[in-house]
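Student: Here's a structure for you.
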Amino acid sequence: MADIVFRNVTKRYGTTLAVDDASFAVNDNEFFCFFGPPLSGKSTILRLVLGLEAPDAGEILIGGKPVNTVSPAERNVAMVFQNLALFPHMSALDNVRFPLVERGVAELQIKKRVADVAAKLHIGHILHKPPAQLSGGERQRVAIARALVRDPNAYLMDDPISALDARLREETRVELKRIQRELGKTLIYVTHDQEEAMSIADRIAILESGRIRQIGAPAEIYDRPASTYVARLLGSPVMNILKSVQGEGGIEAAEGAISIADRTAPADAVEIGLRPEDIKVRPWSDTEKTSPRPVRVFEVEPLGGYTVVTLAAGQARLKALLRGQPDIRPDAMVAISCEPTRVHYFGQGGGALAR
Ligand SMILES: Nc1ncnc2c1ncn2[C@@H]1O[C@H](COP(=O)(O)OP(=O)(O)OP(=O)(O)O)[C@@H](O)[C@H]1O
Numbered sequence: 158m159a160d161i162v163f164r165n166v167t168k169r170y171g172t173t174l175a176v177d178d179a180s181f182a183v184n185d186n187e188f189f190c191f192f193g194p195p196l197s198g199k200s201t202i203l204r205l206v207l208g209l210e211a212p213d214a215g216e217i218l219i220g221g222k223p224v225n226t227v228s229p230a231e232r233n234v235a236m237v238f239q240n241l242a243l244f245p246h247m248s249a250l251d252n253v254r255f256p257l258v259e260r261g262v263a264e265l266q267i268k269k270r271v272a273d274v275a276a277k278l279h280i281g282h283i284l285h286k287p288p289a290q291l292s293g294g295e296r297q298r299v300a301i302a303r304a305l306v307r308d309p310n311a312y313l314m315d316d317p318i319s320a321l322d323a324r325l326r327e328e329t330r331v332e333l334k335r336i337q338r339e340l341g342k343t344l345i346y347v348t349h350d351q352e353e354a355m356s357i358a359d360r361i362a363i364l365e366s367g368r369i370r371q372i373g374a375p376a377e378i379y380d381r382p383a384s385t386y387v388a389r390l391l392g393s394p395v396m397n398i399l400k401s402v403q404g405e406g407g408i409e410a411a412e413g414a415i416s417i418a419d420r421t422a423p424a425d426a427v428e429i430g431l432r433p434e435d436i437k438v439r440p441w442s443d444t445e446k447t448s449p450r451p452v453r454v455f456e457v458e459p460l461g462g463y464t465v466v467t468l469a470a471g472q473a474r475l476k477a478l479l480r481g482q483p484d485i486r487p488d489a490m491v492a493i494s495c496e497p498t499r500v501h502y503f504g505q506g507g508g509a510l511a512r
C-alpha cells in the first residue's frame with residue numbers, strides 16, 4: 158500500500174509560503190498530477206514527499222504511516238527528474254541495470270527485475286545498443302526503464318518530458334500512462350502543460366501560490382471548475398470569462414452580444430464562463446429582430462480539424478472553437494449563442510456559483 162496523504166501541510170522559505178495548508182490523499186495505484194503555473198509549489202510538494210524537505214506544520218503519511226521524521230531512503234519513493242538523460246558510454250542494458258548495481262542488489266535479482274521492466278516497456282530487443290544508436294522514442298523508453306527498475310512504494314516525476322519535442326512528448330505520455338497502469342504503482346506527476354495533465358492523470362490537483370484550489374478527475378475539473386482561476390488554467394483556447402448583467406431576456410454579456418435565457422441562473426453572478434467549443438456562430442442577417450446584437454469576426458485561425466474564431470464585441474474579445482473549416486471571414490458580422498446548460502456562473506471573487 159502506498160497511498161500518500163498530506164494533512165494541513167505548510168512549508169515556508171523565509172517569508173515565502175511555498176506550500177500553504179495543503180491537504181490531499183493520493184490513492185494507492187493512482188496517477189495523480191499536480192498542475193499550476195511556475196512557482197506555485199509543485200516541486201516543493203514532491204520534495205516534501207521524498208523527505209528532502211521537512212514541513213513547518215502538518216503531517217505527511219505514506220502507506221498509512223506518518224513519515225515526517227523518516228529519512229528519504231526509508232521512505233522508498235523513487236524520483237524521476239527532468240529530461241531522463243542516459244549515460245552515453247553505457248549500453249541501454251547497463252543504463253537500466255545501473256540503479257540496482259549501485260545499490261548492490263544480487264545479480265540474479267538484477268537480471269529478473271531488468272527482464273521484467275524490459276518486457277513491460279518493449280525494449281528487450283534493443284538493450285545491447287548504446288544510446289547513440291537508438292531513436293528518440295527508444296531512448297525515452299530506456300530512460301523510463303532505468304527509473305522504474307527499482308521497486309519503490311511510489312514514483313514521483315517532475316516534468317519528466319518537458320524537454321522533448323511535441324511529437325515525442327505525445328508518444329511518451331501515452332507510454333507513461335500505460336506503464337503506470339501495468340506496474341500498478343502510485344505515481345505523482347508534476348507538469349506545466351495543461352494538455353498533458355488532462356490526458357495523463359486519474360486526478361489533478363490545481364495549485365495557486367502554494368494553495369490547492371481544486372482536486373478532481375480531469376473531466377470533472379474541466380466541466381465544473383471551482384473558480385475563474387481554475388477555469389482559465391484548463392482548456393485551449395481558454396474559457397471566455399465575461400462580465401455579465403441581468404437583462405430583459407436573461408443574463409447578458411459581451412455588450413449584449415450574448416443573451417442567456419436561463420431561469421436557473423444564480424442572481425449573484427457577476428461573470429459568466431463560456432468554453433470556446435460551446436459558442437455557436439451563425440451569419441448575421443439585418444432582418445433579424447431578436448437580440449442578441451451582432452459581433453464582428455476579428456480573426457480566423459484554421460487548424461485543420463478545427464477553426465479558432467476570435468470575435469470582437471465592443472472592447473470584449475471572445476474565442477469560439479468551430480469544427481472543420483467553416484466559411485467565416487474576418488470582418489464578417491455574426492450572431493453568437495450558447496446553450497444555457499453549458500454556461501458557467503461566477504460570483505464576486507471568482508468562485509463558481511451553483512444554479
Ligand atoms: N530552496 C528554496 N529556497 C527559497 N525559496 C524557495 C526554495 N524552493 C522553492 N522556493 C520558493 O517556493 C515557491 C514554490 O516553488 P516551487 O519550486 O515549489 O514551485 P513550482 O510550482 O515547482 O515552480 P516551477 O514550475 O517553476 O518549477 C516559490 O516562490 C519559490 O521561489
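Residues in the sequence shown are numbered from 158 upward in steps of one, following our numbering. Yeah, the Cβ is synthetic: ideal placement off N, Cα and C, and Gly gets one too. As the structure is a prediction and not an experimental result, all values here were calculated from the model.
Closer than 8 Å is the cut-off here; do at least three beta carbon pairs connect the segment 315-332 with the segment 226-235?
Tutor: Taking 8 Å as the limit for Cβ pairs, the verdict is that the segment 226-235 does not touch the segment 315-332.
Student: Alpha carbon to alpha carbon, how far is residue 380 from residue 455? Give it in angstroms, no decimals.
Tutor: On the sequence shown, position 298 is the one that residue 455 refers to. On the sequence shown, position 223 is the one that residue 380 refers to. Near 27 Å, if we compare the C-alpha coordinates of residue 380 and residue 455.
Student: Taking just the CA atoms, how far does residue 437 sit from residue 378?
Tutor: In the sequence shown, the residue the question calls residue 378 occupies position 221. In the sequence shown, the residue the question calls residue 437 occupies position 280. Roughly 23 Å between the two C-alpha positions.
Student: How many whole angstroms separate the CB atoms of residue 311 and residue 159, which I take to be in contact at a CB cut-off of 8 Å?
Tutor: For the purposes of this step, residue 311 is identified with residue 154 of the sequence shown, where counting begins at 1. For the purposes of this step, residue 159 is identified with residue 2 of the sequence shown, where counting begins at 1. Sure, about 4 Å apart at Cβ, within 8 Å.
Student: Check whether the Cβ of residue 175 sits closer than 7 Å to any heavy atom of ligand 1, and report yes or no.
Tutor: Position 18 of the sequence shown, counting from 1, holds the residue named residue 175. Yes, ligand 1 has a heavy atom inside 7 Å of this Cβ.
Student: Could you tell me the distance, in whole angstroms, from the CA atom of residue 345 to the CA atom of residue 416?
Tutor: The residue given as residue 345 occupies position 188 in the sequence shown. The residue given as residue 416 occupies position 259 in the sequence shown. Going by the C-alpha atoms only, they are around 43 Å apart.
Student: Are the Cβ atoms of residue 389 and residue 372 separated by less than 8 Å?
Tutor: On the sequence shown, residue 389 is found 232 positions in, with the first residue counted as 1. On the sequence shown, residue 372 is found 215 positions in, with the first residue counted as 1. Result no, Cβ atoms of residue 389 and residue 372 do not sit closer than 8 Å.
Student: At the 8 Å Cβ level, is residue 378 part of the contact set with chain C, yes or no?
Tutor: Among the protein chains of the structure shown there is no chain C, as only one such chain exists.
Student: Return the chain-ordered ranges of every alpha helix (DSSP H) run that is complete within the segment 179-209 and spans a minimum of 4 residues.
Tutor: Counting whole runs of 4 or more residues, the segment 179-209 contains the alpha helix (DSSP H) stretches 199-207.
Student: Let's test the definition: count the other Cβ atoms within 10 Å of the Cβ of residue 252 and tell me whether it reaches 16, buried, or not, exposed.
Tutor: Numbered from its first residue, the sequence shown carries residue 252 at position 95. The residue in question, residue 252, is buried, as its Cβ has 16 or more Cβ neighbours within 10 Å.
Student: What are the boundary residues of the alpha helix (DSSP H) that residue 159 is part of?
Tutor: Locating residue 159 in the sequence shown gives position 2, where the first residue counts as 1. It is not in any alpha helix (DSSP H) - residue 159 carries neither H nor E in the DSSP assignment.
Student: Under the rule that 16 or more other beta-carbon atoms within 10 Å means buried, what is residue 165, buried or exposed?
Tutor: Walking along the sequence shown from the start, residue 165 turns up at place 8. Looking at its Cβ environment, which holds fewer than 16 other Cβ atoms inside 10 Å, residue 165 is exposed.
Student: If distances are taken between C-alpha atoms only, which option among 362, 498 and 325 comes closest to residue 293?
Tutor: As a first step, residue 293 is located in the sequence shown; it is residue number 136 there, counting from the start. When only C-alpha atoms are compared, the closest one is 325.
Student: Determine the DSSP secondary structure at residue 318, reduced to helix, strand or coil.
Tutor: Numbered from 1 along the sequence shown, position 161 holds the residue referred to as residue 318. Of the three classes helix, strand and coil, the one that applies to residue 318 here is coil, per DSSP.
Student: Whole angstroms is fine: what's the gap from residue 286's alpha carbon to residue 297's?
Tutor: Here residue 286 refers to the residue found at position 129 of the sequence shown. Here residue 297 refers to the residue found at position 140 of the sequence shown. Roughly 14 Å separates the two Cα atoms.
Student: Which of the three DSSP states is assigned to residue 466 in this structure?
Tutor: For the purposes of this step, residue 466 is taken as the residue at position 309 of the sequence shown. Three-state DSSP puts residue 466 in a strand.
Student: Can you look up residue 496 in the DSSP assignment and give me helix, strand or coil?
Tutor: Residue mapping note: residue 496 aligns to position 339 of the sequence shown, counting from 1. If DSSP states are grouped into helix, strand and coil, residue 496 belongs with coil.
Student: Just the C-alpha distance for residue 320 and residue 191, rounded to the nearest angstrom, thanks.
Tutor: On the sequence shown, residue 320 is found 163 positions in, with the first residue counted as 1. On the sequence shown, residue 191 is found 34 positions in, with the first residue counted as 1. Roughly 18 Å between the two C-alpha positions.
Student: Between the segment 198-217 and the segment 255-274, do three or more beta carbon pairs fall short of 8 Å?
Tutor: Not touching, per the Cβ criterion.
Student: Looking at the unbroken beta strand (DSSP E) that takes in residue 403, where does it start and where does it end?
Tutor: Counting from 1 along the sequence shown, the entry for residue 403 is found at position 246. First-last of the beta strand (DSSP E) with residue 403: 397-403.
Student: Decide if the segment 422-429 is in contact with the segment 496-512; the criterion is three or more beta carbon pairs, one per stretch, under 8 Å apart.
Tutor: With the cut-off at 8 Å, the segment 422-429 and the segment 496-512 touch.
Student: Kindly provide the ranges of any beta strand (DSSP E) runs that are 3 or more residues long and lie completely inside the segment 288-347, ordered along the chain.
Tutor: Those beta strand (DSSP E) runs which fall completely within the segment 288-347 and span 3+ residues are 311-315.
Student: At which residues does the alpha helix (DSSP H) containing residue 255 begin and terminate?
Tutor: The residue you call residue 255 lines up with position 98 of the sequence shown. Counting along the chain, the alpha helix (DSSP H) containing residue 255 begins and ends at 249-259.
Student: So the candidates are 457, 407 and 183; which of them puts its Cα closest to the Cα of residue 479?
Tutor: As a working note, residue 479 is residue 322 in the sequence shown. When only C-alpha atoms are compared, the closest one is 457.
Student: Between 440, 461 and 462, which has its C-alpha nearest residue 468's C-alpha?
Tutor: Residue numbering aside, residue 468 sits at position 311 when the sequence shown is read from its first letter. The shortest C-alpha separation from residue 468 is found at 440.
Student: Classify residue 268: buried if its beta carbon has 16 or more other beta carbons within 10 angstroms, exposed otherwise.
Tutor: Looking up residue 268 in the sequence shown gives position 111. Exposed is the call here.
Student: Kindly indicate which three-state DSSP category residue 281 falls into: helix, strand or coil?
Tutor: Taking the first residue of the sequence shown as position 1, residue 281 is located at position 124. Three-state result, residue 281: helix.
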